[in-house]
Every structure is written in structure tokens, then in C-alpha cells.
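Right, one structure below, let's go through it.
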Amino acid sequence: MYAFEFTRPKTVAEAVAALAGEDAQALGGGQTLIPTLKQRLASPGMLVSLAGIAAMRGVSVAGGTLTVGGGTTHAAVARGAAAAFPALAALAGRIGDPAVRNRGTIGGSLANNDPSACYPAAVLAAGASVVTDRREIAADDFFRGMFATALEAGEIITAVRFPVPQRAAYAKFVQPASRFALVGVFVAKSAAGVRVAVTGASEGGVFRWTQAEAALAADFRPEAVRGLRAAAAGMIGDLHGSPEYRAHLVGVMTARAVAAA
Amino acid sequence: MPKDSGIGASIKRREDVRFLTGRGRYTDDINLRGQAHVAFLRSNVAHGRLRGVDTAAAAAMPGVVRIFTGEDFAAVGGLPCGWQVTGRDGQVMKEPKHPVLAHGKVRHVGDPIAAVVAETYEQARDAAEAIAVDIESLPAVVDMAAALAPGSALVHDDLGTNLCYDWGFIEDSKAAVAAAIAAAHHVTTLDLVNNRLIPNAMEPRVAVGDYNSASGESTLYTTSQNPHVIRLLMGAFVLGIPEHKLRVVAPDVGGGFGSKIFHYAEEALCTFAARALNRPVKWTAQRSESFVTDAHGRDHVTRIELALDRDGHFLAIRTSTLANMGAYLSTFAPSVPTYLHGTLMAGNYKTPHIYVNVKAVFTNTVPVDAYRGAGRPEATFQLERVIDKAAREMGIDPVEIRRRNFVDAFPYQTPVAVAYDTGNYHATMDKLVTIADLAGFEKRRAASAAKGLLRGLGLNCYIEACGIAPSHLVGQLGARAGLYESATVRVNATGGIVVMTGSHSHGQGHETTFAQVIADMIGIPEAQVEIVHGDTANAPMGMGTYGSRSLAVGGSAMVRAANKIISKARKIAAHLMEAAEGDIELKDGKFRVAGTDKSVDWGAVCLAAYVPHNYPLAELEPGLEETAFYDPANFTFPAGAYACEVEVDPETGRVTIDRFAAADDFGNIVNPMVVDGQVHGGIGQGIGQALLERAVYDANGQLLSGTYMDYAMPRADDLPSYVVDHSCATPCTHNPLGVKGCGEAGAIGSPPAVVNAVIDALHRGGHAHVTHIDMPLSPARVWAAMQG
Amino acid sequence: MAKVAMTVNGKAVSGEVEGRTLLVQFLREGLGLTGTHVGCDTSQCGACVVHIDGAAVKACAVFALDAEGASVRTIEGMANADGSLSAIQQAFQDHHALQCGFCTPGMVMSAAALLAENPKPTEREVREYLEGNLCRCTGYHNIVKAIMAASGQEVAIAAE
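This is the structure we're talking about:
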């Protein structure tokens, strides 16, 4: 790692102020950023750890909305969302491994927007909104392609608000080495309709599979998507799977998510 | 009743206590006063001409002590190769120089260009980044077939070819094999790849060099399976340090699997730098560095043909393999695709005619050398896959076709040079049929089908040659080393024993199991025996641990030394009891005069040896310490039969292993619990090869699977529980313990079982067009195969 | 350099660290607690697992300064007060759940965290919980067996 200064503010305001500094970088749980720093692929002047901000931690439910603090660990979401939003809890409970889940945070995951991360699928499918120190961003506006988001420099995700769907499930097919999603599909059915979000598959990052959404809006059963095929164009091809394989898995995982929802 | 002490008892491991409480002492736990740290600047291109290495700016950076480049090593030797193979035309293999730090050219991603020594590791790394390297990039040689095509870029310009050797085994049998194949009723042909693997011992490699300017002695602490071998190779061939001025210590070592046999550049660099700087110098590999510096394993591309008669009897086998050597010849690399592979091509079967051709190829990749099994998994995989394919083509049950061809009379001289001393392949197959519950397969298959899953059953046999090896034989085959083992048994005055063995334990449990043998021989508690290993300063010249040789060779040396001790102690006892030596019996730690009630304790005899007041000094020296070297008369031949059941998800291609059973014949067993553990671990690695692991280079020679994010290591939930059995024991006929070795069996025997099971599942599931899938059988590959 | 203070295995400790100093470096190099190992640089092998305030974390993926004020437990703090092996440690020895020993500290720490949150796991749950702990020696069979045994359950997995 290159050398950097380190600060651990206690409040969001202190963190925002610290992040205004030159070459400052926010540190969530660090489960992605720290390995990146070890590879010397990033050289921040200062790391601003968000781990000390108590106000950014926790899961709460009110009026059909589940709110997760941006600094809440995956393990805490797996516990805290289990009753109100079991599909989200199950997703959080399968990110990484137990030790990673005890450190990694929802805010950190969303800010990084890894194309194979799980949370973006849940946020996009549930139609959640991302709350920051300065505004609230709708999921449809938040994700801007692989490792890109609507966040401005120094902007901190303080919370994520999920409208709790009537039915939902996440089906993940893991990449054998990293255990990230080779393809992950989150399906959510609510009064407003059905949303299907796919992670792991596309070179553009998480996306909504609108063709499946339409089919499921008419008939929310696995059979409704059996005949559908996602297009292989634009899918990721790597040593773990071709674009065609990923496109095929999108269909399979969507059907499985619907069956589980 | 299970035994509770001595040979045959599942005694708990004494070494566990320190490992379970954080008190192991691994090389990275060693920090010497005043030590400096090393970071290497490594090539990020696979092939290039080094036009300049400018260290001026880097040398001025904070904390930098010294920067070494290839020029600093111009006067010393290169890393030596320990085996010279002679090819078909009588030509010895091409042997390129392997400089400690790259000189002239870089030849693989990870090839070290410079070593920065600084006060801290991060300072060394900062400075390494500041070195200005001018590399003229050259086309990378990655694909083996392309490497041999005319006009290919050359990894080593001075060799004029990328072909290291073209080896035929046995060349004189080539024509007879061709004739037998031409005349056969049926010939089954299979093209396959034995996937390149990265050993991935969990402890990364570490080297700490130290130098004592008062005595002129260098010491190297290193993660090695064979410290004496490193002392000899590095001292004599690289740095020119005589053995008496060089000590090599391999303390607790966190797994090896072959990758820590070899002498590596970093060991020489740290030893050299410590002397040059007169202070300790430490290097610890980052894992991503391990991926591009530890010798890789396997990487064969093979065509095998099996000729059969109308009844499925094997008539002839012909195989042709391209074997990747990587960019340089690692320590034992040339022997792996030849004498550890061709000699095993008979398997468990009576096949009268066999011919093996291997072309070893240089490429711009990390050197390839022995990895758990080393050559024998490659032989077993192709043989057991082609047998399975032949059985399917001819409509013969896979168990039956094997039984029809088993070697069933011993000793058996194979047509590939080796002679099996003993075995009982029908017995291990019978055992497998029982423990794998083959009779229940149909019921399980139906249950899987009800869940929408395709169940398949795969099985195979294996044989391996262990207890490496008779020195006179391997010398004829090109080994530049003897492969004996040594032990010193030191009995203390009060009867306690310290055994200094040339074998090395890096997880095998010698501290416990070797003590069981000695305790059993004398009839004293194991607690009275201590096993010491891993330090050239106190153990006699040993060849180390690999090739499942520790007990068969190292244990035999120890038994010999102990027998010398017992023989001398018997003389002392005879003197003490005023009896004839021939009347003295040793039992339960007491020397008795046969037919009388006279006895003397082990401890009293030991005391007499060191306090020789009443002692036959005219005939016998005082003291009780003996050394023995043991050179095996033959290889040992463990063998067995393995079965695997898989479920394949037809929608995704995902393979799940539901059951795995192994019936092994290891001869006599010292500690069944430890043997079970060795088999479990081998199977885990074999399943890893079959389903998950693969080192992948792109066309530019970049390693795509360079971290655990892309190199799939088997995890607990990838693997099943195993049913293992080693009750079918035909003791080895030529070593004193009757033992054969068990360390590699699991890794050798399991990959074909897994692949055979998947192919079986696909056939039963209506995908009869799928006759082979190359490992690893990832979901993507299985799904693609099903699509046709 | 900055000052950091925490409790490690029940003892108050402090030291001077850089911003980039990882908790595992502070433990190994600062405190000489070399039982916690480093087996990778991508936070996947789990040889460095320790507990922070009771939760299993990878000490190679936590900065020392982020452990300010925390209660850290390492393998050196796992034995019973009298120095004898704890139930989990003893089960590992009894069932030959370790060979080279390098992954073992992380395995024991993960096993302890698992049993703290799920005292009677199924074999499947044990295997899934060990997702972040790589072992290259044992094929995991005996590790799973040891953890099942440490949980006081009959070891029902495949025969000897």
C-alpha cells in the first residue's frame, strides 16, 4: 500500500468535511478497497473511515419502508431485515463469507457498484432509493454502468430506503472462484408491478430485464419466463463463462427467483 | 480393538498443540535483529528483451539499502536443474541457463528483474516501482503446439528451438505397439488436456538470509520440503558456499505439495544479499507473487489410443503428450512428464504393448514442476478416461472391463520398465463396490431424477510409484542426485530418544508417526521419543519429503538406525546380565535373558552406555547414537479403486459431488487417522483439479487466473465427505516396515472418477454425444458440452 | 504515525502505527502475536481471521486504526484459562482437523464464531460458514467433523 493519512470521524458532517480534502477517499467496510490498496491500484492521500459513525448503522421498518443505514454490515442486514424483507436478508447473508459480512457495508457496496455485486440487484429491483449526505437518488438513476454511480465526489451514502415488495427473491449463481454473482437475479413484485434486476451478467453492470418484467406482470409464475431469452450481446465473457452462458443463466435464475418469491 | 500405542494406533498428533494455540514457528514468524526487507521488481510482460535497468532514482529513495540486478549475479551460477532427460535421438535435453535475476531477457510474467533491499517492505516496494526498466516486448510463446511450429518466437534464442526434449518410452517397442493397434478389434482414441494447476500451499514462500561475518557462515531460513537439497543446490551450484559454511533451516512449513521442493531465486537472493550487506534480509511472498513465481503443475496435452480385442482385453496403449516446462527448467521438471509419467502408463492392467512419447516445450509461462502426484495423475487420468470411453463404446460394464485386465500375479514386470512387487487389485475393487454402495446407485439416481438432476457414477483405479527412489536406477534415468534418506537416532543417558530425520514434515505429522515406529520397536512410550527435522545443522544429509517417500524411505532409514541401536544395546545388556548376546530379547522396553527371569530395563542399558563403569569397553564404544542411510531397492506401488457420484443440474451445468469413496492399498499403516487425513486432502485437491482449478494464460502470456478471485480453490462447501478405506493391505516386500506411501494417492485417483461420473450423468441424461469434457468441469463447460 | 489502543486477548495494548498498517500487521509485528497468519492479499483465504468485539473478521482487511478501542481476540487467546485446549481446539486435535497448521488459527476462530451464533449447526451449515477459510491439506472432511463434535453433536458424517 502507498502511505496515506487516516481519520475516523464520528458524524456524517465530520466525514463530509474530511472528504472535502484533497485526494480524500471514503472507507466503508474496506472489503473491496483494502485489497485494491494492497495491489497499489489506488493511492488516496487520506482515508476517511466511516466505521465510527453510529448514526449510519442499523435497520428499521416504518410504513412499508425498510431503511438500512449506509454503514450497516451485511451481517446486520441479514439479521435486521429477516422478518420484514426476507429476500433482502437472504441476499445479504450470502454476500462474500461470514468474516466479510461482518465488515462489508451496504453503502460501500453500492458506491463501488461492482458489476458482480449482489446489492445493486436488490436496490434496483425493489425500486429503492439511495440517501446521501445531500440528496435522495432513485435506484433507476443511481447505477451508471460498471463501477460508476450517480454519486458526486465526497458524497456519502447514509442510508438506503427499500419499499418492501409483496413478493421477492434473489437467485444467485456464483462464479466458482470469487463467489461473486456470475449471474444474480432479484425479482420483486409490488403494487406498482414487477421489477427484475440482473447483476453479474452485463458489461453495463446491473440492469432491469424489462422483457421478463412484462411477462411476469401478466403471470407471476416461473413458466411465464421459461421461453424468454436474454440477449447475449453486451454480456460479460470471461474465463468463467461466455456471454451466451450468462444470457442463458439470466433466464434460469429469473425463473428460480420467481419460484422462490 | 484399535491399538492405543505404537505402529497401527491412531495417536493424536503432538504437533497440533502448538498449531492450535498460535505457537507454530513458520518462516515468516522469524524476525532477526536488524533485518532488512526485500521487494522484487518483476516482469509484467511475458517475453521481452531487457534493454536497460536504471536503478539510480530508486536507490536514492528513503530506506533503500541496496538494489540488486541481473548484473550482480553475472559471476555466480544459475538455478540448477536436477534431472537430465535423454531424448529419442540420444540427444540430451536442451538446458537453458536460469539466472537468479533476469539477464538479457525476461521470459515470463513474474520473472524477477531487480531486488530492492530496504529498511521496510513498503519502502522496498516503493523503490521497486521507481526503477526504470526498458523492455522491448517480444511475441509471447504460450501455446505448446504453436511453440513447436517453424518460425515460432524462441523463449531461449541460444537453444534454437522451444523443444526441450522428444522422449520415447520405450523406443524399441514403438513398432510392436503400432502393429498391435493396427491389428486390433477396437481402438478407442481420446484427446485431452491435463489442466495447469497452481499448488497454493496456504503458507506463501518466505526466505530469510543471515550472515555471521565472524564465522563466515551463512544461514537461510526457508519454506522448504528439503533443506539439505537447497543447501546443496544453492551452495554448490549458485553461490559457491561449501556446505560447512551454509546452514539451511526449514522450520514449520505450511504445506508444500511439491511447490516447496524446488530451489527458487528468492532463496539465493536473500542468502547472497545477507552476505553482501552483512545483515539479515527477509522476503515474504505476497500471494499474487506466489501465483507467478511458485512452480505450477500438470499442463499436458495428450492423445491416447487404447487397442482392445473383441472381449475388451487391452492389447496396446500409445500416448503422445506435449508437456509444458514453462520458461526455465525448474529443479525436477524434466522428470515429471517422463519417468514419473511414462513408467505408470500400464496402470493396474496387463497390457502387453505400451509406447509413450513426450515432447517437453518451453513457453513464456511460469516454470512447471512436480505438484502432488507429479506425472502419475497425468498417466492415471488419460488411462482411466480412455478405459471408460472404451467400455462405453464396447458396451462393457466399467467395473468388468477393469477386472478383465487386472494384473493378478506378482511380481509383475510392466512393459514400461517398472516391476510391481505386490498388490491385489480385485480386492480393492471388491472393497470399493461395498463402501461406495454401488448396488444402491439406481435408487439414488431415481431420487435425483425426481429433483430434476442427472446423477452419474464414475469409477477408476490407479497405481502410483512412490518411495522415490533407488539411486542407481534414477541415476541411469538422468537424476543428478541420489534418492536415499537418512536418520540419526540419538539415545540419551536416561533413555529418551531424539531422532534426526532427513525427511521433512510440512503437515504430514512425522513428529507423531515416526515416534510411534521407534517407540514400537523398543517398547517404550511415544513420549520418550522426539523427532527433529528441517535443520541441516543437526540432521544428516537428507533428500527430503515428496513423492510419498517419507515413511517408505525416511522411515526405513530410521528403522535401520534404530536396529543398530538395539543391536548395540543388546550387547550392553548381555554384558550387564552376564549372558550370551544371542540369548537377549527386547520386549516392552526390557532386555531379558531368554528362558530366565533375568532382565534389565532400557533405561539402565542407556545409562550404562553413557556411564560405562561396568561396560565392555574393549569391544564396544560408549554412547548410544547411530546413523543410517537407506537407499530403496525398488519403488513402492500403492494402488486402489475410487468411485464418485455426481449430480448435474441440466439447466446450469453445475456439478455437485454427492458421494466419494476410496479403497486404497498402502501396505502397512502406522497411524490410520493420519493416513485417512492424507487421503482426504489428496481427494480434495483432485476434485479441485476436476471441477474448479485452472491456471489460464491469455495469448500475451498474462496470467488471467492470478488471484483467488479467478483461480477457484476448493472450499468446504464444494466438497463432500469421503468414505475411505485402507484395509486391503498387501505389504511392500522390500522395505522393513512393509509400507508404501499415501500422500499423493488421493490426488492421483480422484480426477478421473469425477470426470467419468459427469460423463456418465450426461449419457444417462440423454446427452450421449458428450464423450469428454476437459477439466475443470466448470458449469460453463458442462453446459456448453450439453448444447452440443 | 498515530497511536492506537485496543484490548487484545483481554489485555490493554497500544502502539504507534501508520494509516496503512493493517490489524494483522499490528498483531504480528507490533505485538508479536504470530499465530494469526497471512495467506493471501485479496482477503479470501481466512488464515487471518480474528474476532473484533465478538465478530469474526479478516485481520488483513481491517486497518489497525479502525480497531481503536475494540476488543480483539486471536488464536493466542483461545485456550482455556489453565492453558489447556478449548473444546474447539481439542476437537480439532481429536479429529485430525489440521495438517500443516497454517490455516488452523483462522479455522478455529471461524469455528468459534459459528458456534457462538449457531450452537448446533448442520453439516451443511458448517461447510457454508467456512466459505471464507481455505485449507489445502485436509479436504475439509475432518475440520467439519471436528466442528460438529465441538458442538456436542454426534458426528454423523461419512464413516472413518
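Those protein sequences? They're chains P, X and C, same order as listed.
When the letters of the first sequence are read in order and numbered with the working numbering, they come out as residues 5 to 265.
When the letters of the second sequence are read in order and numbered with the working numbering, they come out as residues 285 to 1072.
When the letters of the third sequence are read in order and numbered with the working numbering, they come out as residues 8 to 167.
Just so it is clear, CB atoms sit at the ideal spot from N, CA and C, and this is done for glycine as well.
Keep in mind it's a predicted model, so treat the numbers as computed, not measured.
Under a criterion of Cβ atoms nearer than 9 Å, the residues of chain X adjacent to histidine 244 of chain P are, in order, Asp994, Ala996, Ser1062, Pro1063 and Ala1064. Close partners of serine 47 of chain P in chain X (Cβ separation under 7 Å) are lacking, with about 11 Å as the shortest Cβ gap.
DSSP places glycine 1030 of chain X in the uninterrupted alpha helix (DSSP H) bounded by 1029 to 1048. Rounded to the nearest whole angstrom, the CA to CA distance from histidine 1010 of chain X to alanine 674 of chain X is 29 Å. Counting C-beta atoms within 10 angstroms of its own C-beta, glutamine 170 of chain P has fewer than 16 neighbours from the protein chains shown and is therefore classed as exposed.
Annotation for glutamine 697 of chain X: Ala703 place their beta carbon closer than 6 Å to its own, counting only its chain and skipping 5 residues before and after. When the alpha-carbon of valine 585 of chain X is set against those of X:Pro824, X:Ser1062, X:Asp595 and X:Leu606, the nearest one is in X:Leu606. DSSP places valine 620 of chain X in the coil class of the three-state scheme, outside both helix and strand. Separation of alanine 701 of chain X and alanine 749 of chain X (C-alpha to C-alpha, rounded to the nearest whole angstrom) is 12 Å. In this structure, DSSP gives asparagine 641 of chain X an extended state, which the three-state scheme calls strand.
Against proline 128 of chain C, chain X offers no close residue; the least beta-carbon distance is about 12 Å (beta-carbon pairs closer than 8 Å). Counting along the chain, the unbroken beta strand (DSSP E) around tyrosine 495 of chain X starts and ends at 490 to 496.
Fully enclosed beta strand (DSSP E) runs of no fewer than 3 residues occupy 332 to 338 and 348 to 353 of the region 328 to 385 of chain X, in order along the chain. Between alanine 130 of chain P and proline 124 of chain P, the alpha-carbon positions lie close to 10 Å from each other. Taking C-beta atoms as the reference points, isoleucine 525 of chain X and serine 502 of chain X count as a pair closer than 8 Å.
DSSP links glutamine 760 of chain X through a beta bridge to no other residue. Inclusion of serine 755 of chain X and alanine 841 of chain X in the CB contact set at 8 Å is not warranted, their separation being larger than that value. Contact residues of the region 131 to 164 of chain C toward chain X are Arg131, Val133, Arg134, Glu135, Tyr136, Leu137, Glu138, Gly139, Asn140, Leu141, Cys142, Arg143, Cys144, Thr145, Gly146, Tyr147, His148, Asn149, Ile150, Val151, Lys152 and Ile164 (C-beta to C-beta distance below 9 Å). Between alanine 923 of chain X and asparagine 632 of chain X, the CB-CB gap stays under 8 Å. Collapsing the DSSP output to three states places tyrosine 899 of chain X in coil. Chain order gives the chain X residues near phenylalanine 99 of chain C as Asp300 and Leu304, where near means a beta carbon separation below 8 Å.
Here DSSP, grouped into helix, strand and coil, assigns arginine 250 of chain P to helix. Here glutamate 931 of chain X is bridged, per DSSP, to X:Arg739 and X:Thr940. For the region 323 to 338 of chain X, the beta-carbon criterion of a distance under 9 Å to any beta-carbon of chain P is satisfied by none of its residues. A Cβ-Cβ distance of about 7 Å is found for the pair methionine 997 of chain X and glycine 972 of chain X, placing them in contact under the 8 Å criterion. For valine 322 of chain X, the enclosing beta strand (DSSP E) has its first and last residue at 320 to 326.
By the beta-carbon neighbour count (other beta carbons within 10 angstroms, threshold 16), glutamine 760 of chain X is exposed.
Between proline 1060 of chain X and leucine 988 of chain X, the C-beta spacing is not below 8 Å. Listed along the chain, the chain X residues whose CB falls inside 9 Å of the CB of glutamate 83 of chain C are Thr305, Gly306 and Arg307. The beta carbon of phenylalanine 453 of chain X is closer than 6 Å to those of Gly626 and Val640 in its chain, skipping five residues each way along the sequence. Isoleucine 99 of chain P carries a coil assignment under DSSP once its states are collapsed to helix, strand and coil. Alanine 218 of chain P sits away from alanine 234 of chain P, with the two beta carbons spaced by 8 Å or more. Beta bridge pairing from DSSP links phenylalanine 665 of chain X with no other residue.
Per DSSP, glutamine 29 of chain P is one residue of the beta strand (DSSP E) stretching across 28 to 31. Within the same chain, Cβ atoms closer than 6 Å to the Cβ of phenylalanine 521 of chain X are found at Gly361 and Pro364, the five residues on either side in sequence being excluded. Against chain X, the CB of methionine 50 of chain P has no partner CB under 8 Å away; the residue lies outside that interface.
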